């Protein structure tokens, strides 16, 4: 699983300037100032197609993935400019520490489960610690929808299978260093 860096760039042909010097997006109608143009999330169909094709999807798989992305957005998910979705995994504090150090998730079932909602979510009963990730949408399956939240599943071949998702972690583990200081009595 490889993450695409800088997958979308602001395209002035799709965002013409008006008389005030601001850009207007042809697809979404959003007005964008010059200082905001680099942050404009141009997740429009043609951009998504290019992103997904660069990740190896073709034909109907691209169309189906765009449908899934739209379904996720319609249910409150955050879709990132690189075609990943921000998801949250709930677990215990101890397991969170282990995951952040190793990057490895171990599902109790034949998959690892995520929610698109961090707080006040249907997944709160699964642990009091939250891990945030940005995962390519094509790696995930929709498991359940709640209107403002979606539960997603990263399939595994069997229960208790470890999956390394370190490159998708949004959090970096805190490193602690012990420094030993000795008194030198050479006066």
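Residue numbers (our numbering): 613 to 799.
Every residue gets a Cβ at the ideal spot worked out from N, C-alpha and C, and that includes glycine.
This one's a predicted model, so the numbers in the text were calculated from it and none came from an experiment.
Report the rounded CA-to-CA distance for residue i versus residue j, giving the unit in angstroms.
{"i": "residue 731", "j": "residue 757", "result": "16 Å"}
{"i": "residue 774", "j": "residue 675", "result": "30 Å"}
{"i": "residue 696", "j": "residue 782", "result": "12 Å"}
{"i": "residue 667", "j": "residue 681", "result": "15 Å"}
{"i": "residue 738", "j": "residue 768", "result": "19 Å"}
{"i": "residue 779", "j": "residue 752", "result": "16 Å"}
{"i": "residue 635", "j": "residue 740", "result": "43 Å"}
{"i": "residue 742", "j": "residue 720", "result": "17 Å"}
Using a 10 Å radius around the Cβ and a threshold of 16 neighbouring Cβ atoms, would you call residue i buried or exposed?
{"i": "residue 716", "result": "exposed"}
{"i": "residue 625", "result": "exposed"}
{"i": "residue 723", "result": "buried"}
{"i": "residue 689", "result": "buried"}
{"i": "residue 714", "result": "exposed"}
{"i": "residue 761", "result": "buried"}
{"i": "residue 708", "result": "buried"}
{"i": "residue 644", "result": "buried"}
{"i": "residue 784", "result": "exposed"}
{"i": "residue 677", "result": "buried"}
Put residue i into one of helix, strand or coil per three-state DSSP.
{"i": "residue 654", "result": "Only weak support exists for where residue 654 lies, its pLDDT of 45 falling under 50; the value from the coordinates is given anyway. Correct three-state label for residue 654: coil."}
{"i": "residue 727", "result": "strand"}
{"i": "residue 784", "result": "coil"}
{"i": "residue 643", "result": "strand"}
{"i": "residue 664", "result": "helix"}
{"i": "residue 634", "result": "coil"}
{"i": "residue 757", "result": "strand"}
Taking C-beta to C-beta, are residue i and residue j nearer than 8 Å?
{"i": "residue 735", "j": "residue 702", "result": "yes"}
{"i": "residue 687", "j": "residue 744", "result": "no"}
{"i": "residue 669", "j": "residue 749", "result": "no"}
{"i": "residue 772", "j": "residue 711", "result": "no"}
Q) Which whole runs of the beta strand (DSSP E) in the stretch 673-753 are 3 residues long or more, in chain order? A) 696-703, 716-718, 723-727 and 741-748
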